[in-house]
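Participant: Handing you this structure, nothing more for now.
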Amino acid sequence: MNIRIGFGYDVHRLEKGRDLWLGGISIPHYKGTLGHSDGDVLIHAVCDALLGALDLGDIGIHFPDTSDEFRDIRSTILLEKTYQLVREKKYALVNLDSTVILEKPKIRDHIPQMKETLAGILQTSPSNISIKATTSEKMGFIGRGKGLAACANVLLRSV
Ligand code: MG
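In my numbering, the protein residues as written are -9 to 149.
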C-alpha cells in the first residue's frame, strides 16, 4: 500500500458583518471570517494538506483569489473539488487530524457537526476526522480576536 502524508495551514481575519464559517458550518458570533471565499480556515488547511500529500501545489494555484469564479464561494465546494483531484490520482483519505486556533467563540459544541460535514465530503467516517481547538492564550493577533488559524495533517492511501 502506497501512503502519502500532507500538511496544511491557513489564517483569516475576523471582522464584524461577516459570518463565521468553520469546518463547513456557520457558527454564531459577532465577527466572521473575511476572505475571497467564505474564509473557512479549517477547510482551506485541509485542502492544502490534501494537495500537499500528492504534490499538487496549493489552494491558491487551484482556486485563485483573483478569480471571480471563486468569489464568496462556499469552501465546502472547494473541498469537494480538491478531493475529486485526490480521487482522480487514485488516492483516498485514511484519516485527518487538525487543530483550530482561535480565542472566541468556544467551538467544542460545534465540532461533531463539523466532523460530520467534512466526513461526508471526504467519503469517510467521522471517526477518521479529528478536529481539535486551542486558544492563543490572549497573545498576538489571534489572542486579540483579530483572526484565527488552522492546521491539518492528512494521510492518504492509494486505492
Ligand atoms: Mg484561506
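The beta-carbon is built from N, C-alpha and C at its ideal position, and this holds for glycine as well.
Could you work out which residue in Thr124, Ala139 and Asp62 is closest to Ser27 when comparing CA atoms only?
Facilitator: Residue numbering aside, residue 27 sits at position 37 when the sequence shown is read from its first letter. Checked all of Thr124, Ala139 and Asp62; the closest Cα to Ser27 is Asp62.
Participant: Contact defined as beta carbons within less than 8 Å: I believe Ile111 pairs with Glu70. What is the distance between those atoms, to the nearest angstrom?
Facilitator: Residue mapping note: residue 111 aligns to position 121 of the sequence shown, counting from 1. Residue mapping note: residue 70 aligns to position 80 of the sequence shown, counting from 1. Between Glu70 and Ile111 the Cβ distance is about 6 Å, and since that is below 8 Å, they are a contact.
Participant: Verify whether the separation of the beta carbon atoms of Thr125 and Thr89 is less than 8 Å.
Facilitator: Your numbering for residue 125 matches position 135 in the sequence shown. Your numbering for residue 89 matches position 99 in the sequence shown. No; because the gap between Cβ atoms is not below 8 Å, this pair is not in contact.
Participant: Taking 5 Å as the limit, name every residue whose beta carbon sits nearer than that to some heavy atom of the ligand MG, in sequence order.
Facilitator: Output, sorted by chain position: Asp0 and His34.
Participant: Buried or exposed, going by whether 16 or more other CB atoms sit within 10 Å of the CB of Lys21?
Facilitator: To locate residue 21, count along the sequence shown from 1; it is residue 31. Burial call: buried.
Participant: Asp38 and Tyr73 - do their beta-carbons sit closer together than 8 Å?
Facilitator: By one-based count along the sequence shown, residue 73 stands at place 83. By one-based count along the sequence shown, residue 38 stands at place 48. No, the Cβ-Cβ distance between Tyr73 and Asp38 is not below 8 Å.
Participant: So, are the CB atoms of Gly(-4) and Val144 less than 8 Å apart?
Facilitator: Numbered from its first residue, the sequence shown carries residue -4 at position 6. Numbered from its first residue, the sequence shown carries residue 144 at position 154. Taking 8 Å as the Cβ cut-off, Gly(-4) and Val144 qualify as a contacting pair.
Participant: Do Ile91 and Ile121 count as a contact pair if the criterion is CB distance below 8 Å?
Facilitator: Residue 121 sits at position 131 when you count from the first residue of the sequence shown. Residue 91 sits at position 101 when you count from the first residue of the sequence shown. No.
Participant: Can you grab the Cα-Cα spacing for the pair Val149 / Leu75, in whole Å?
Facilitator: By one-based count along the sequence shown, residue 149 stands at place 159. By one-based count along the sequence shown, residue 75 stands at place 85. Those two C-alpha atoms are separated by around 14 Å.
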